[in-house]
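*Asks:* Below you'll find the structure I mean.
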Amino acid sequence: MTTASGALGDVVERLPPVDLAEVLDVAALQTRTDRKYLLEPEEFARFGAALGDGFRALEIDGRRLFAYESVYFDTPALGLYRSHRQGRRRRYKVRTRAYLDSGDAMLEVKLEGHRGATVKRRTPHPASRRHELTGAGHRFVSDVLDDAYRLTLPQLEPVLTTTYTRGTLVDTATGARVTCDVDLVCSDPRASRSGPDRVLVESKSASGASPADDVLAEIGVRQVSLSKYCVGVALLRPHLAANRWSRVLRREFGWQRSPEADLEPTLSRSWARATGS
């Protein structure tokens, strides 16, 4: 029986390679439209077989599958998680992303752009300090929030770490990119949860549906509402409300809401201004 990681490995090895320089040239996509899907291994194999001739697999130093670690930061009251759960217009995520194979790391702020577009701002970050925001990191995030939303940077602390393996497919004809993640593990200092044996596929395009989205529609795969950060927080803290993702959490992750009450904190004016609440 094929596993998700096996199906991903088969697809990326079958496609012609593309190097990182060409990916950044044709598909950097720091402002983009994202669509997410959870595919069973057999579905992903069908998806890979149906991709057009323009698709390539990212290859760096002979590798086509890469190990990632992301550390997400939030307020002590999980204000950023709550802003996403409530669908607030000025919501954002702050994380470090470590590329474990190369030893590099970036600090990233993901913003909600116009008409649901994702806008990502990033800067190099010391990999050895990826579990904290440095002074330079604080200034970077503060400047991004002020420029994008006129918000003040709130107190942030690391609350979730995710690890996974990623393969990246690129449509060189359109510049669309498809990231494919397997072996997801979400952890915090208290607990750890593994994701299901699925391939998390994210299509990223400048606007509109990409050729990959068309292929997924043709084989009957529907989009899901899913955020690694929000799903991870909900899995590890099941007393929190997670209504935006409850369907996929129950169906794919075996999540059940804890009977413990999720007591919403009283928001101070400064906290509300900082998070756009």
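Using the working numbering, the first residue of the sequence shown is number -15, and each one after it goes up by one.
Where a beta carbon is used, it is the ideal one built from N, C-alpha and C, also for glycine.
Just verifying my parser: in three-state terms, what is the DSSP assignment at threonine 259?
*Replies:* Reliability fails at threonine 259, whose pLDDT of 45 lies under 50, so the model's placement of it is uncertain and no value is given.
*Asks:* Mapping the DSSP letters down to three states, classify glycine 151 as helix, strand or coil.
*Replies:* strand
*Asks:* Taking the straight line between their C-alpha atoms, what separation do you get for threonine 160 and aspartate -6?
*Replies:* Note that residue 160 is alanine in the sequence shown, not threonine. Straight-line Cα distance between these residues: approximately 21 Å.
*Asks:* Quick one: Cα of leucine 4 to Cα of serine 242, how far?
*Replies:* 44 Å
*Asks:* Taking the alpha helix (DSSP H) that aspartate 130 belongs to, which residues open and close that run?
*Replies:* 119 to 133
*Asks:* Report the residue from Gly192, Ala33 and Pro1 whose alpha carbon sits nearest the alpha carbon of arginine 47.
*Replies:* Pro1
*Asks:* Comparing alpha-carbon positions, which option in Asp18, Leu64, Ser178 and His115 lies nearest leucine 135?
*Replies:* Ranking Asp18, Leu64, Ser178 and His115 by Cα distance to leucine 135 puts Leu64 first.
*Asks:* Select from Ser187, Leu220, Ala218 and Pro108 the residue whose C-alpha is nearest the C-alpha of threonine 17.
*Replies:* Ser187
*Asks:* Using 10 angstroms around the beta-carbon of leucine 95, count the other beta-carbons present and answer buried if the total reaches 16, otherwise exposed.
*Replies:* Buried.
*Asks:* May I ask you to verify whether the region 61 to 79 touches the region 22 to 31, counting CB pairs closer than 8 Å and requiring at least 3?
*Replies:* no
*Asks:* Check for me: the beta strand (DSSP E) holding leucine 91 runs from which residue to which?
*Replies:* 88 to 96
*Asks:* Given 8 Å as the limit, is there contact between the region 82 to 94 and the region 44 to 59, that is, 3 or more CB pairs closer than that?
*Replies:* yes
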